[in-house]
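Colleague: Listed in order, the protein sequences are those of chains A and B. Taking this note's numbering, I'd label the letters of the first sequence as residues 1 to 357. Taking this note's numbering, I'd label the letters of the second sequence as residues 358 to 618.
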Amino acid sequence: MSASTPILRFDGVSKNFADIVAVDNVSIDVAPGEFFALLGPSGCGKTTLMRIAAGFERPDRGRVLIGGVDVTELPPHRRPVNMMFQSYALFPHMSVFDNIAFGLKRDGVARTQIAERVAEMVRLAQLQGLEKRKPDQLSGGQRQRAALARALARRPKLLLLDEPLGALDRKLREETQFELMDIQKKLGTAFVVVTHDQDEAMSMADRIALMRAGRIEQIGAPPQIYERPTSRFAAEFIGEINLFEVRSASYANGRAHIETPEGAIEAACENVDRIGAPAIVAVRPERLRFAADDGGVNRLAAVVHDIAYRGDRRIFRVRLSSGKLARLSASAAEATPAPGAEIVVTFDPDACVLLDA
Amino acid sequence: MSAWRVPRLATLLVGFAFLYAPIVLLVVYSFNASRLATVWTGFSTHWYAALLADEQMRGSALISLEVAALSAAIATVLGALAALALERFGGFRTRSVFVAAIYAPLVMPEVILGLSLLLLFVAIGAPRGFWTIVAGHATFSMCFAAVVIRARLAGADRSLEEAAMDLGAGPVATFMRITLPLAMPAVISAYMLAFILSMDDLVIASFTSGPGATTLPMRIYSAVRLGVSPEINAISSLLLGAVGVALLIGAVAQARRTNAA
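1) Based on DSSP bridge pairs, tell me the residues matched to Arg358 (chain A).
2) Does the beta-carbon of Ser248 (chain A) have 16 or more other beta-carbons within 10 angstroms, so that it is buried, or is it exposed?
3) Note the first and the last residue of the continuous beta strand (DSSP E) segment covering Ser250 (chain A).
4) Just to confirm my understanding: we take Asp60 (chain A), look at its own chain, exclude 5 residues before and 5 after, and list those with CB closer than 7 Å. What are they?
5) Quick check on Met414 (chain B): buried or exposed, where buried means 16 or more other Cβ atoms within 10 Å of its Cβ?
6) Pop quiz: Arg534 (chain B) and Ala521 (chain B) are said to be a contact at Cβ under 8 Å. What is the actual Cβ separation, rounded to whole angstroms?
7) Between Ser593 (chain B) and Val581 (chain B), what straight-line distance do the alpha-carbon atoms span, to the nearest angstrom?
8) Going by C-alpha to C-alpha distance, which of A:Ala235, A:Glu34, A:Asp29 and A:Asp348 sits closest to Ala205 (chain A)?
9) Counting only Cβ pairs nearer than 7 Å, list the residues of chain B close to Gly103 (chain A).
10) Can the beta-carbon of Ser95 (chain A) be found less than 9 Å from the beta-carbon of Lys134 (chain A)?
11) Grab the span of the beta strand (DSSP E) containing Leu325 (chain A) for me, first residue to last.
12) Roughly how many whole angstroms lie between the Cα atoms of Met1 (chain A) and Leu8 (chain A)?
13) Using a Cβ-Cβ cut-off of 9 Å, state whether Ala520 (chain B) counts as contacting chain A.
14) Look up Val353 (chain A) in the DSSP assignment and give the residues it is bridged to.
15) In this structure, what does DSSP give as the bridge partners for Glu342 (chain A)?
16) Among B:Gly527, B:Leu370 and B:Ala418, which has the Cα closest to the Cα of Thr572 (chain B)?
17) How about Lys157 (chain A) and Pro80 (chain A): do their beta carbons lie closer than 9 Å?
18) I'd like the ranges of any alpha helix (DSSP H) spanning at least 4 consecutive residues and lying wholly in the stretch 433 to 503 of chain B.
19) Comparing the C-beta of Arg155 (chain A) with each C-beta of chain B, is any distance below 9 Å?
20) Taking the alpha-carbon positions, what's the Cys352 (chain A) to Lys185 (chain A) distance?
21) DSSP puts Gln144 (chain A) in a beta bridge; with which residues?
22) Under a three-way DSSP split, which group does Tyr88 (chain A) fall into?
23) Mind listing, in chain order, the continuous alpha helix (DSSP H) runs of no fewer than 4 residues lying wholly within the stretch 510 to 557 of chain B?
24) Under a three-way DSSP split, which group does Ala391 (chain B) fall into?
25) Going by the beta-carbon positions, is the gap between Asn298 (chain A) and Pro229 (chain A) smaller than 9 Å?
26) What does the alpha-carbon distance come out to for the pair Pro41 (chain A) and Leu376 (chain B)?
27) Using 10 angstroms around the beta-carbon of Asp182 (chain A), count the other beta-carbons present and answer buried if the total reaches 16, otherwise exposed.
28) Does the CB of Ala18 (chain A) have a neighbour CB from chain B at under 9 Å?
29) Near Met358 (chain A), which residues of its chain fall below 6 Å by C-beta distance, leaving aside the five closest residues on each side in sequence?
30) Look at the Cβ atom of Ala199 (chain A), then the Cβ atom of Met84 (chain A), and state whether they are nearer than 9 Å.
31) Using DSSP with H/G/I as helix, E/B as strand and the rest coil, what is Gly416 (chain B)?
32) Which residues share a DSSP beta bridge with Asn82 (chain A)?
33) To the nearest angstrom, how far is the alpha carbon of Pro440 (chain B) from that of Leu537 (chain B)?
34) So, with DSSP's three-state summary, where would you put Ala618 (chain B)?
35) Using a Cβ-Cβ distance under 9 Å, would Asp107 (chain A) count as near chain B?
36) For Thr260 (chain A), which three-state DSSP category applies?
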């Protein structure tokens, strides 16, 4: 397997359940050692896609390749891939040790080697001293780590994780995110994570495939997806965003001059074709700021509506001249206008993203 | 609330009395010293001793136990396979027919089942006796076993089996290591249920038995036609005890299943 061979390739994969299209002509390449996230709202087909990779569902059309080998017709137990289940699926009648050793025993690994490998996995997942416990004698976090250890015990080159943090409480979730990233880096295993949580995907993944209704909406690194969404869905699904409706627009010198109900906006724009079609301008809340002086473009008059204190930041909702509420996120250190204050908000032309409405 | 205490307690007692007084009476009279079954003259274990000496009774008891043990084993294996087919093989073409075929004997009159079995055994020229009773009992208790095991499989977490397959276990290994151990409490319950059904059965045994294969219920029934003797009370009490133990084992198995889950 050369370095350029993707560890996992979906090639035009489609899957229907009765009349419902679960996965619609999806093609994705995941590189060896990559941390890849399948992100989307529930019912978008991300879990089905993962189950197709693991072999639990057969695609109606298309092929699945693991390490360059076509595995579309192979049953789950013949595929060189392991999966961590959302419910963890730890065997309740077996100890932690036997759970982790299960896959190794199936592979016919020698007994002494099994003991070594399990010990290694126990260290990796910080389960020391719990080897003899049954799954129902473990805490939620320990169960999660035991499931991870079991899935990694056979040293797969590719690990599928179905909502790996979904069952953990908020604080534990953040800790575990970093643990997962550490383990992934240490082992160099490619991780494909299914999640509906955009924060989780953004903070862990090297690349994200955003899915919607069985299709790939956008694939890219987290900053790319956040800063340069290619669709209204992508812009709205990830993070907060302000949308301005385009009434008319003209184009000159790499700048689009746009009329919106809230006022004139000047946007940096590479794609001239966009202008004219029903379009919107999208700007992230942290790119909005209070205008300090009278200069510059993109000046929108507004009244502070309310303020949400978030510790490190404040989220202002400001009412624009059209009556629409916009969000502005500012560092808590900045001076803060009080609710009701008449202010002007501004943003740079290159903070704008032009999208189809 | 407290005003209702007495009536509620009374209702409960009447209910239990209705259900269990005849059985208690049977057990009490099995310790009666009198030869007359219905006149109490004093405590005695005489009839239990007489029972031990009764070759015919002992022979029948042995036959009943053997038939129950064997037919329950066959019924449990077949029932487990049927349950597995219904719960794990997806929506195969004749699935609904199969479901109906499994459930029909549960509501079919035993007389009809017994008669049809008799006709079958006569038609194929099977000599009636021990093995035909075993076959008859296995046939109808298999359905009960299938229902019990199917309920367990339906409630089981599929992802456990998927996890086993994902870790390299083929279908057989997955069944032996995951599905079967997790369904074991239900399998034990099913066996106990089939065992009790076989021990209790009079109708089907009467139709399918032949010379030399008289089960305990058949022996008791024919003896009672000559008049109730305390010996019958004694053997009935023992039968009751055996069924009770089987029920207990089944219940304990079920309780352990709940704890394990």
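Ideal placement from N, C-alpha and C gives every residue a C-beta, glycine not left out.
Modeller: So, from the listed chains and residues:
1) Lying before the first or after the last residue shown, residue 358 (chain A) is absent from chain A, which here runs from 1 to 357.
2) Against the first sequence, residue 248 (chain A) aligns to sequence position 248. A residue is called buried once 16 or more other Cβ atoms fall within 10 Å of its Cβ, and Ser248 (chain A), having fewer, is exposed.
3) As a working note, residue 250 (chain A) is residue 250 in the first sequence. Ser250 (chain A) -> beta strand (DSSP E) spans Ser248 to Ala252.
4) The residue you call residue 60 (chain A) lines up with position 60 of the first sequence. Answer for Asp60 (chain A): Ser14, Lys15 and Asn16, listed in chain order.
5) In the second sequence, residue 414 (chain B) corresponds to position 57, counting from 1. With 16 or more other Cβ atoms within 10 Å, it is buried.
6) In the second sequence, counting from the first residue as 1, residue 534 (chain B) sits at position 177. In the second sequence, counting from the first residue as 1, residue 521 (chain B) sits at position 164. At roughly 6 Å, the Cβ-Cβ gap stays under 8 Å, so Arg534 (chain B) and Ala521 (chain B) are in contact.
7) Position 236 of the second sequence, counted from the first residue, corresponds to residue 593 (chain B). Position 224 of the second sequence, counted from the first residue, corresponds to residue 581 (chain B). If you take the alpha carbons of Ser593 (chain B) and Val581 (chain B), they lie about 11 Å apart.
8) The sequence position of residue 205 (chain A) within the first sequence is 205, counting from 1. When the alpha-carbon of Ala205 (chain A) is set against those of A:Ala235, A:Glu34, A:Asp29 and A:Asp348, the nearest one is in A:Glu34.
9) As a position in the first sequence, residue 103 (chain A) is number 103, starting the count at 1. Those within 7 Å of Gly103 (chain A) in chain B are Leu524 and Gly525.
10) As a position in the first sequence, residue 95 (chain A) is number 95, starting the count at 1. As a position in the first sequence, residue 134 (chain A) is number 134, starting the count at 1. Taking C-beta atoms as the reference points, Ser95 (chain A) and Lys134 (chain A) count as a pair closer than 9 Å.
11) Residue mapping note: residue 325 (chain A) aligns to position 325 of the first sequence, counting from 1. For Leu325 (chain A), the uninterrupted beta strand (DSSP E) run begins and ends at Leu325 to Ser331, by DSSP.
12) In the first sequence, the residue the question calls residue 1 (chain A) occupies position 1. In the first sequence, the residue the question calls residue 8 (chain A) occupies position 8. Confidence in Met1 (chain A) is poor, its pLDDT being 45 and thus under 50, which makes the residue's placement too unreliable to answer from.
13) Translated into the one-based positions of the second sequence, residue 520 (chain B) becomes position 163. Chain A has a Cβ within less than 9 Å of the Cβ of Ala520 (chain B).
14) Translated into the one-based positions of the first sequence, residue 353 (chain A) becomes position 353. Beta-bridge partners of Val353 (chain A) (DSSP): A:Ala282.
15) Here residue 342 (chain A) refers to the residue found at position 342 of the first sequence. DSSP output for Glu342 (chain A) lists A:Val303 as bridge partner(s).
16) Sequence index remark: in the second sequence, residue 572 (chain B) carries index 215 (1-based). Ranked by Cα distance from Thr572 (chain B), the first of B:Gly527, B:Leu370 and B:Ala418 is B:Ala418.
17) As a working note, residue 157 (chain A) is residue 157 in the first sequence. As a working note, residue 80 (chain A) is residue 80 in the first sequence. Annotated as proximal: Lys157 (chain A) and Pro80 (chain A), with beta-carbon spacing under 9 Å.
18) Runs found: 452 to 464 and 467 to 480.
19) For this step, residue 155 (chain A) is matched to residue 155 along the first sequence. Taking Cβ atoms only, chain B never reaches closer than 9 Å to Arg155 (chain A), which makes this a no.
20) Walking along the first sequence from the start, residue 352 (chain A) turns up at place 352. Walking along the first sequence from the start, residue 185 (chain A) turns up at place 185. Just so you know, the alpha carbons of Cys352 (chain A) and Lys185 (chain A) end up roughly 35 Å apart.
21) Within the first sequence, numbered from 1, the residue matching residue 144 (chain A) stands at position 144. Answer is none; Gln144 (chain A) lacks a bridge partner.
22) Counting from one through the first sequence, the residue named residue 88 (chain A) turns up at place 88. Correct three-state label for Tyr88 (chain A): coil.
23) Taking only runs of at least 4 residues, the alpha helix (DSSP H) segments lying wholly in the stretch 510 to 557 of chain B are 515 to 523, 528 to 531 and 537 to 557.
24) As a position in the second sequence, residue 391 (chain B) is number 34, starting the count at 1. What sits at residue 391 (chain B) in the sequence shown is Ser, not Ala. Correct three-state label for Ser391 (chain B): coil.
25) Counted from its first residue, the first sequence places residue 298 (chain A) at position 298. Counted from its first residue, the first sequence places residue 229 (chain A) at position 229. The Cβ-Cβ distance between Asn298 (chain A) and Pro229 (chain A) does not fall below 9 Å.
26) Position 41 of the first sequence holds residue 41 (chain A). Position 19 of the second sequence holds residue 376 (chain B). In a straight line, the C-alpha of Pro41 (chain A) is about 57 Å away from that of Leu376 (chain B).
27) For the purposes of this step, residue 182 (chain A) is identified with residue 182 of the first sequence, where counting begins at 1. Exposed: under 16 other Cβ atoms inside 10 Å.
28) As a working note, residue 18 (chain A) is residue 18 in the first sequence. It does not: the Cβ of Ala18 (chain A) has no partner Cβ on chain B nearer than 9 Å.
29) This structure gives no information on residue 358 (chain A), because the portion of chain A shown stretches from 1 to 357.
30) The sequence position of residue 199 (chain A) within the first sequence is 199, counting from 1. The sequence position of residue 84 (chain A) within the first sequence is 84, counting from 1. Just to set this straight, residue 199 (chain A) is Asp in the shown sequence, not Ala. Taking 9 Å as the Cβ cut-off, Asp199 (chain A) and Met84 (chain A) do not qualify as a contacting pair.
31) Locating residue 416 (chain B) in the second sequence gives position 59, where the first residue counts as 1. Helix, per DSSP.
32) The count along the first sequence starts at 1 and reaches residue 82 (chain A) at position 82. Paired residue(s): A:Leu159.
33) To locate residue 440 (chain B), count along the second sequence from 1; it is residue 83. To locate residue 537 (chain B), count along the second sequence from 1; it is residue 180. One point to set straight first is that residue 440 (chain B) is Ala, not Pro, in the sequence displayed. Distance between the alpha carbons of Ala440 (chain B) and Leu537 (chain B): 12 Å.
34) Reading the second sequence from its first residue, position 261 is the one you call residue 618 (chain B). With a pLDDT of only 44 at Ala618 (chain B), under 50, the local geometry of the prediction cannot be trusted, and the value read off the model is given with reservation. Note: Ala618 (chain B) maps to coil in three-state DSSP.
35) Start at 1 with the first residue of the first sequence, and residue 107 (chain A) comes out as number 107. At a cut-off of 9 Å between beta-carbon atoms, Asp107 (chain A) makes contact with chain B.
36) For the purposes of this step, residue 260 (chain A) is taken as the residue at position 260 of the first sequence. Of the three classes helix, strand and coil, the one that applies to Thr260 (chain A) here is strand, per DSSP.
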